[in-house]
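J.: Top line first, the protein sequences correspond to chains A and B. Numbering of the first sequence is given in the numbering used here, commencing with residue 316 and proceeding in unit increments. Numbering of the second sequence is given in the numbering used here, commencing with residue 83 and proceeding in unit increments. Idealized CB from N, CA, C, for every residue including glycine. Quick caveat: nothing in here was measured; it's all calculated off a predicted structure.
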Amino acid sequence: MKPTGISPSRRAFLRTALATTPATLVLAQQFFHPSLGLAAAETAPKAYQPAYFTASEWALLMSLVDRLIPADEEGPGALEAGVPEFIDRQMGEPYGYGALWYMQGPFRDAPAELGYQLPFTPRTLYRAALPAFDKAVQARFGKGLVELDEPTRDDAISQLQHGTLTIGILPPLVFFDQLLQNTREGYFCDPVHGGNKDMAAWRMINFPGARADYIDWVEQYGREYPFRPVSVAVTGG
Amino acid sequence: MTVTRPWAALLLFLAIPATALADGDSDRALVAKGEYVARTGDCLTCHTAKDGKPYAGGLPMQTPIGIIYSKNITPDKETGIGDWTYDTFARLMRTGIDDEGHSSYPAMPYPSFSRIGDDDLAALYAYFQHGVDPVRQANRKSEIPWPLSVRWPLGVWRWAFAPAVQPFQPPPQADARIARGAYLVEGPGHCGACHTPRGLALQEEALSDAEGSDYLSGGSAIDGWVPVSLRDEYGGGLAGWSASDIVALLKTGRNTHGATLGGMNDVVVHSTQYFTDEDLVSVAAYLKSLAPNKDSPPFRYDDTAAKALFNGTPPTKGAQIYVDRCGGCHRTDGKGAGSVFPSLAGNPILQTADATSAINIVLAGGAVPATATSPSVFTMAPYADVLTDQEIADVVSFIQTSWGNTGTATTREKVTSLRNTKAR
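Dropping the structure here:
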């Protein structure tokens, strides 16, 4: 049996993703396009130069997302999907600057259902959390995350998730949730945003992509939707 | 007492001599009539630069020999036509000879304007003298290299192709409505300037239906858009449209069969939407009276492609791209949706061997213009950055040849050349 590592949560978020996909498409999820899968494998990922993250932050980010969505027989991992590129590009968008959030004080503790309460924008959150996390990992495991083997990395990330690894003043779970959320987004986004390279994540779950409508298929009961995914704006998509 | 003030104003008004008032009214009526004539002639579109003052000229026009600029026709005395007499104005409008005795480039459609009646021309003169704000803006010299810049050949051109002023002649047996439509189309509307094929010397092959059935049978591409045939014929003409379809297109830029493209957007926005309904009906009646110039079979809808796409079995790569990128709006049956998403099945621009317009709208996108009676703008996105030249050739070929369309397939080379022209 394949070591499970962090894959229970991976399964959990795949379930979430599938739950948001139209039911008709879920019915069609066994349908694959071998020729397109081959084309994806032949395309070498281009080396992306991060615009926001420093070299050490970048290495750490890659090491983290690689364990949140590892590659396996079901589909590509977060690294192949371009998740770090997506997150780096997010940091340059209004989202990264917290421009989409209410960011005025007072900043106080509040029940979870009231949502995010910290003064950190995504940019400042990553900038503060990544070194703090690495320092905590150093202290507990004797090495930085990137140097640890996979089971130990999974252990470190699990401790972050369960709050047993403290990262300075930041609540560990807030950082973990932020990272997991952005990783999911980068994994399933339209490729135009840098993630979901070759639409491989969409193919894995048989999501047909940025299509305008399905009116022709509304009354064709029981039929599998036959078309491959399309990206909103990537040539040849 | 404040109540008396309006009465005082009324008394003052009544004190104005009756003759002066009547003259003022008739002048105003003449200027208003001239404004309408200017609308029917769409003077604004060519005589206004992008973001420029109305009628101050300066719009560049690419001709085969170089760039020329439209003239300032505001009543500014130094840079416009403020010191022109009516006779000078009428000579230019009817013979192309300007105030200095030079022949105009035939970008100014004076062979058509020579058909404008005396009453309309006098009103137009009154409008450009009294109804337009004067703008001081010197005319730009044309960018035509010597010896092509020499103007006397334009006189020869005029002698060869517009030798005499041609007053408007109504078509034989035309009723009053068709005659009015013919006047608007052949005269001020100068529709033939774009919609009639031009000969080797760029002269229009016919200036009226009486001169030949080449008249309005479709022009060659202007800025990447091919003017369609306006004759009552299939294979790219308006035979599939009723008179009220034509009226709707001219009034709103759209109808249930199609929408305007390229230069026609400006014509609808600045000119035809201002036509009276009666004039639009006349124009439509006249166009519907134009016998076919070519012998094309009627458009017949063919549901083969629609069935294949509905069934999820697109027959070609182009058909797959159509499903992925176009079908959401234009529908897999090619019939679009009302006057919102133009129908492609039977659309005049898709019935000929020249796919230029179809390629161009896929590359550059487009928008149905907002008009007073149809203010919503429906936009098609550009696909130049989304599809490769081969993909565009594939999808345009599919559109040109599906649902009964009689257009022909196109090539990657053609798309590449249009893309490069656009990029320049």
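Which chain A residues are close to Phe-392(B), counting only those with a beta carbon under 7 Å from its beta carbon?
T.: Ordered by position in chain A, the residues that pass the 7 Å Cβ test against Phe-392(B) are Asp-531.
J.: Could you tell me the distance, in whole angstroms, from the CA atom of Ala-258(B) to the CA atom of Ala-220(B)?
T.: Straight-line Cα distance between these residues: approximately 43 Å.
J.: Any idea what DSSP makes of Trp-307(B), helix, strand or coil?
T.: In this structure, Trp-307(B) counts as strand in the three-state DSSP scheme.
J.: Run through chain B and tell me which residues come within less than 7 Å of Asp-528(A), C-beta to C-beta.
T.: In chain order: Gly-410.
J.: When burial is assigned at 16 or more other CB atoms within 10 Å of the CB, is Val-459(B) buried or exposed?
T.: Counting Cβ neighbours within 10 Å, Val-459(B) comes out exposed, since fewer than 16 surround it.
J.: Among residues of its own chain, excluding the 5 on either side of Gly-322(B), which ones have a beta-carbon nearer than 6 Å to its beta-carbon?
T.: Hits under 6 Å: Phe-381, Gly-428.
J.: Can you confirm whether the region 247-267 of chain B touches the region 363-373 of chain B when touching is taken to mean that 3 or more C-beta pairs between the two stretches lie within less than 8 Å?
T.: Contact between the region 363-373 of chain B and the region 247-267 of chain B is present, because at least three Cβ pairs lie under 8 Å.
J.: In the DSSP assignment, find the alpha helix (DSSP H) that holds Gly-501(A) and state where it starts and stops.
T.: Where Gly-501(A) is concerned, the enclosing alpha helix (DSSP H) stretches over 487-503.
J.: What does a CB cutoff of less than 6 Å around Leu-391(B) pick up in its chain, not counting 5 residues either side in sequence?
T.: Hits under 6 Å: Val-405, Thr-414.
J.: Does any residue of chain B bring its CB to less than 8 Å from the CB of Ala-444(A)?
T.: No, no contact with chain B.
J.: For a contact meaning CB atoms closer than 7 Å, what does Pro-541(A) contact in chain B?
T.: Residues of chain B passing the Cβ test: Gly-394.
J.: Could you work out which residues of chain B lie near Val-545(A), taking near to mean beta carbons separated by less than 8 Å?
T.: What Val-545(A) touches in chain B: Asp-406, Arg-407.
J.: Is DSSP giving Glu-388(A) helix, strand or coil here?
T.: Reduced to three states, the DSSP call for Glu-388(A) is coil.
J.: Taking Cβ to Cβ, would you say Asn-375(B) is nearer than 8 Å to Ser-290(B)?
T.: The answer is no: Cβ separation not under 8 Å.
J.: Quick check: what's the CA-CA separation for Thr-461(B) versus Ala-341(B)?
T.: Distance between the alpha carbons of Thr-461(B) and Ala-341(B): 11 Å.
J.: Grab the span of the beta strand (DSSP E) containing Leu-144(B) for me, first residue to last.
T.: The displayed chain sequence assigns Gln, not Leu, to residue 144(B). Where Gln-144(B) is concerned, the enclosing beta strand (DSSP E) stretches over 142-145.
J.: Note down, in chain order, every chain A residue with its Cβ under 7 Å from the Cβ of Thr-414(B).
T.: Simply Asp-531.
J.: Please report the distance separating the alpha-carbon of Arg-442(A) from that of Phe-368(A).
T.: If I take the Cα positions, the gap works out to 8 Å.
J.: In three-state terms, what does DSSP make of Ala-419(B)?
T.: Three-state DSSP puts Ala-419(B) in a strand.
J.: When the distance is taken between beta carbons, is Leu-112(B) closer than 8 Å to Cys-128(B)?
T.: Their beta carbons are not under 8 Å apart, which means Cys-128(B) does not touch Leu-112(B) by this criterion.
J.: In angstroms, rounded to a whole number, what distance separates the CA positions of Leu-495(A) and Thr-434(B)?
T.: Leu-495(A) and Thr-434(B): Cα-Cα distance of roughly 55 Å.
J.: Of the residues that make up the region 427-453 of chain B, which ones have a beta carbon closer than 8 Å to any beta carbon in chain A?
T.: Answer set for the region 427-453 of chain B: empty.
J.: Determine the closest residue to Ala-449(B) out of Pro-254(B), Val-468(B), Ala-189(B), Met-346(B), with distance taken between C-alpha atoms.
T.: Ala-449(B) has its Cα closest to that of Met-346(B), out of Pro-254(B), Val-468(B), Ala-189(B), Met-346(B).
J.: Output the residue ranges of the beta strand (DSSP E) runs that lie fully inside the region 147-214 of chain B and measure 3 residues or longer, sorted by chain position.
T.: Within the region 147-214 of chain B, the complete beta strand (DSSP E) runs of at least 3 residues are 148-151.
J.: Where do the N-terminal and C-terminal ends of the alpha helix (DSSP H) with Arg-518(A) fall, by residue?
T.: Segment 515-520, the alpha helix (DSSP H) holding Arg-518(A).
J.: Would you mind telling me which residues of chain B sit closer than 8 Å to Ala-548(A), beta carbon to beta carbon, in chain order?
T.: Neighbours of Ala-548(A) on chain B, chain order: Asp-467, Val-468.
J.: By Cβ distance, which residues of its chain are closer than 7 Å to Gly-409(B), with the 5 residues on each side in sequence left out?
T.: Contacts found: Leu-391.
J.: Does the distance from the C-beta atom of Ala-425(A) to that of Gln-419(A) stay below 8 Å?
T.: Not in contact: Ala-425(A) and Gln-419(A) (Cβ atoms no closer than 8 Å).
J.: Looking at Ser-186(B) and Gly-269(B), is the spacing between their C-beta atoms short of 8 Å?
T.: Not in contact: Gly-269(B) and Ser-186(B) (Cβ atoms no closer than 8 Å).
J.: Less than 8 Å separating the beta-carbons of Val-365(B) and Val-444(B)?
T.: Contact: no.
J.: At which residues does the alpha helix (DSSP H) containing Lys-132(B) begin and terminate?
T.: Premise fails: Lys-132(B) is in no alpha helix (DSSP H) and is neither H nor E.
J.: Please state if the CB of Gly-397(A) and the CB of Asp-381(A) are separated by a distance shorter than 8 Å.
T.: No. Outside cutoff.
J.: Counting C-beta neighbours from all protein chains within 10 Å, is the total for Glu-462(A) 16 or more, i.e. buried, or is it exposed?
T.: Classification for Glu-462(A): exposed.
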